[in-house]
Amino acid sequence: MRTRLLVFSLVLVAALALSAVVYGADMFSGTWKLNLAKSKFNPGPGPKSNMQKIDPVAGGMKVVTDGMNAEGKKAHNEYTAKFDGKDYAEHPMVDGKANPNGADMISIKKIDDYTYEATTKQKGKVLTVTKNVISKDGKTRTATATGKNGQGQAVNNTVVWEKQ
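Terminal number for the sequence shown in my numbering: 366, no gaps in between.
Okay, here's the thing in structure tokens:
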């Protein structure tokens, strides 16, 4: 009986450890709301609102962002990517139409349990590199983006997200 309990416990621990590896987006997962008061957009203005839902997928995450851009138009973006540094399609939309100034590819790399880096590209050219850091309590994510936007302007954004 004792042996069965020990074997069961070891199998359970192994399964939990494997799920943490397979679903590596644990700290990043959830619904996040943009905190405009704490965020800085250069060049501005920033969006009027944004909500982002991050779901774990095997080895990465699926990200869906919805909100209103600076002009008050409906904005939507989504992608599914693995933490392998490879490029995956990104689909930015404004008022239901493809955003010609948005990134078309993204790659992500997990730095540690609280940090990942995202690199966006447009037509093969790097636009921005964004470092996303989750607070130790898991309630805040700070995304620091540098590079250029689709119009070629320098970007230096600090975007603060709060877990809902």
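Idealized CB from N, CA, C, for every residue including glycine.
Fair warning: this is a prediction, and the values are worked out from it, not measured in the lab.
May I have the straight-line CA-CA distance separating residue i from residue j, to the nearest angstrom?
i, j, result
"Lys235", "Val361", "11 Å"
"Gln366", "Thr282", "21 Å"
"Gly354", "Thr321", "16 Å"
"Gly226", "Thr233", "With a pLDDT of 46 at Gly226, under the threshold of 50, the modelled position of that residue is not reliable, and the figure given next carries that caveat. Cα to Cα, Gly226 sits roughly 16 Å from Thr233."
"Lys311", "Gly326", "18 Å"
"Lys275", "Asn301", "11 Å"
"Val224", "Val266", "Because Val224 carries a pLDDT of 42, less than 50, the predicted location of this residue cannot be relied on, and the following value inherits that uncertainty. Taking the straight line joining both Cα atoms gives about 20 Å."
"Lys368", "Glu319", "Residue 368 is absent from the model: the chain starts at 203 and stops at 366."
"Val328", "Gly352", "10 Å"
"Asp228", "Val259", "10 Å"
"Gly340", "Lys333", "16 Å"
"Val331", "Gly349", "6 Å"
"Ser231", "Lys264", "9 Å"
"Gln254", "His278", "10 Å"
"Thr344", "Asp314", "15 Å"
Quick check on the DSSP output: the beta strand (DSSP E) that includes residue i runs from which residue to which?
i, result
"Glu280", "276-284"
"Ser251", "251-259"
"Lys264", "262-270"
According to DSSP, what are the bridge partners of residue i?
i, result
"Ala345", "Asn334, Val361"
"Leu236", "Trp363"
"Ile310", "Ala320"
"Lys288", "DSSP output for Lys288 lists no bridge partner at all."
"Met229", "BP columns for Met229 are empty, so no partner."
"Lys350", "Ala356"
"Lys242", "Thr360"
"Lys299", "Val296"
"Lys325", "Bridge partners of Lys325: none, in fact."
Could you round the C-beta distance between residue i and residue j to whole angstroms and report it? I think they count as a contact, below 8 Å.
i, j, result
"Gly269", "Ser251", "5 Å"
"Gln324", "Asp306", "6 Å"
"Leu238", "Gly246", "Not confirmed; about 11 Å, so no contact."
"Ala347", "Val335", "The Cβ separation is near 12 Å, so there is no contact."
"His293", "Glu273", "19 Å between Cβ atoms; not a contact."
"Gly261", "Asp286", "7 Å"
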